[in-house]
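Only one structure is covered here, and it is reproduced in the block below.
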Amino acid sequence: MRIIAGRFRGAKLQSPEGEDTRPTADRAREALFNLLVHGKFAHLLKGGRIADVFAGTGSIGLEALSRGAAEAVFVEKHKPALAALKANIDKCRARDNCTIVARDATAPGRAASPCDIVFLDAPYRQNLSEPALLALLDNGWLAEGGLVIVQTDPKESFTPPETLTVVDERKYGAARLYFMTAVDQD
């Protein structure tokens, strides 16, 4: 697995052994970033603060930094994934732009600062997406006007909280991506 584009383009990322970490496939990551870079949410990526939740290898957050995000916050608790994540941050020489929150994503704690884009990729078929998303929203992780992207198994059901509305939904191979923004309160 490599960084696809931007200033870290071609950097080969480490992944922990075994099946516990399932990095977002290159095809899905490329499609996601094509939408972010060229779509209506491009202003959130350039110079933005990104949360990569259930970060694993950190491929999403590092790709975001590579393509112009100012800061990436990685939420991960699995020790082998944390070791790979730290090695990948060092490989990209991105330590000054990265924060690692070594916590369970369903209890992430209060955000140090809200994020413009929150990307959540929970382990499939464990029903963690919804509780993690609620915990992130309740703890101030999403900036006003921000975007939430949740990746699930296409066969897995996902119900967004009432405070978010799905503005786009895409399927890429073994991944379904939900793009959500806050519901207007007007």
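Numbers 975 to 1160, taken from the working numbering, label the letters of the sequence shown in order. Where is the CB? At the ideal position from N, CA and C, for every residue including glycine.
### Task
Quick one: give me the first and last residue of the beta strand (DSSP E) that residue 1145 is part of.
Annotation for residue 1145: the continuous beta strand (DSSP E) segment containing it runs 1138-1146.
### Query
Taking the C-alpha atoms as reference points, what is the distance between residue 991 and residue 1049?
Taking the straight line from one Cα to the other gives about 19 Å.
### Query
For residue 1018, which residues of its own chain have a beta-carbon under 7 Å away from its beta-carbon, when the five flanking residues on both sides are left out?
1090, 1091, 1120 and 1121, listed in sequence order.
### Range of the contiguous alpha helix (DSSP H) that encloses residue 1058
DSSP places residue 1058 inside the alpha helix (DSSP H), whose first and last residues are 1053-1065.
### Query
Going by other Cβ atoms of all chains shown within 10 Å of its Cβ, with 16 needed for buried, is residue 1125 buried or exposed?
Result: buried.
### Task
Let me know if residue 1160 comes out buried or exposed under the rule of 16 or more other beta-carbons within 10 Å of its beta-carbon.
Only weak support is given to the placement of residue 1160: the predicted model assigns it a pLDDT of 43, under 50, and the value that follows is read from those uncertain coordinates. By the 10 Å Cβ count, residue 1160 comes out exposed.
### Message
For residue 1062, count the other beta carbons within 10 Å of its own beta carbon; 16 or more makes it buried, fewer makes it exposed. Which is it?
### Response
With 16 or more Cβ atoms within 10 Å of its Cβ, residue 1062 is classed as buried.
### Query
Hey, out of 1137, 1145 and 1147, whose CA is closest to residue 1154's CA?
Ranking 1137, 1145 and 1147 by Cα distance to residue 1154 puts 1137 first.
### Task
Just list the alpha helix (DSSP H) runs in the stretch 1074-1120, keeping only unbroken ones of 4 residues or longer that don't cross its boundaries, in chain order.
Taking only runs of at least 4 residues, the alpha helix (DSSP H) segments lying wholly in the stretch 1074-1120 are 1103-1112.
### Query
Does the distance from the CB of residue 1027 to the CB of residue 1117 come in under 8 Å?
No, the Cβ-Cβ distance between residue 1027 and residue 1117 is not below 8 Å.
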